[in-house]
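Working notes, structure below.
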Amino acid sequence: MDVEEVRFEEALKQLEAIVSRLELGDLPLEEALSIFEEGIRVTKLCSQRLSEAERRVNILVRNADSATGELEERPFPVTSIDSVRSLSEVEACAEPSRSGPALSPAEGEEEAGEGQ
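Be aware that the sequence shown starts at 1, since it is given in my numbering, and climbs by one per residue.
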């Protein structure tokens with residue numbers, strides 16, 4: 001089967017089987033290395049599929065300018081998602097007037113620590 005035709009779920013199952021086989025520890029060294037190399041190849045494929053999916057994700061947001069509050073699609077802000085901690089921050093990233101999450105990482109840590 002061509003690598004381009006492999007679905008993410010199939011590749012993930014294959015990777016799980018590879019890990020299980022290696023965890024048994026009963027393989028000769030050369031066979032274990034060969035299986036490990038296959039695992040690396042499948043891991044890269046899974047990572048590629050996830051990256052492709054991430055680029056395709058859009059956020060539905062309510063259009064504040066619309067009298068009916070219609071939903072509209074906006075691209076998911078990939079560059080700022082690492083610091084996002086809640087759905088409201090994701091929504092704030094999608095607002096045209098904002099370029100980043102609603103809270104900076106420092107503010108989010110302070111807020112999270114206040115309730116403890």
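The beta carbon of each residue, even a glycine, is placed where N, CA and C say it ideally should be.
Within the same chain, Cβ atoms closer than 7 Å to the Cβ of P75 are found at N58, the five residues on either side in sequence being excluded. Distance between G25 and E73, taken at the CA atoms: about 49 Å. Under DSSP, R21 takes part in no beta bridge, so it has no partner. Taking all protein chains in view, the Cβ of I18 is crowded by 16 or more other Cβ atoms within 10 Å, so the residue is classified as buried. Only buried fits A11, as 16 or more other CB atoms lie within 10 angstroms of its CB.
About 14 Å separates the CB atoms of I40 and R21; that is not less than 8 Å, and the two are not in contact. Here L45 is buried, its C-beta having at least 16 other C-beta atoms within 10 Å. Excluding sequence positions up to five before and after L50, its CB lies within less than 8 Å of the CB of F8, all in the same chain and listed in chain order. For the options A67, E52, T43, E23, the alpha carbon positioned closest to that of K13 is the one of T43.
Setting aside the 5 residues that flank it on each side, S47 has no residue in the same chain whose C-beta is closer than 8 Å to its C-beta.
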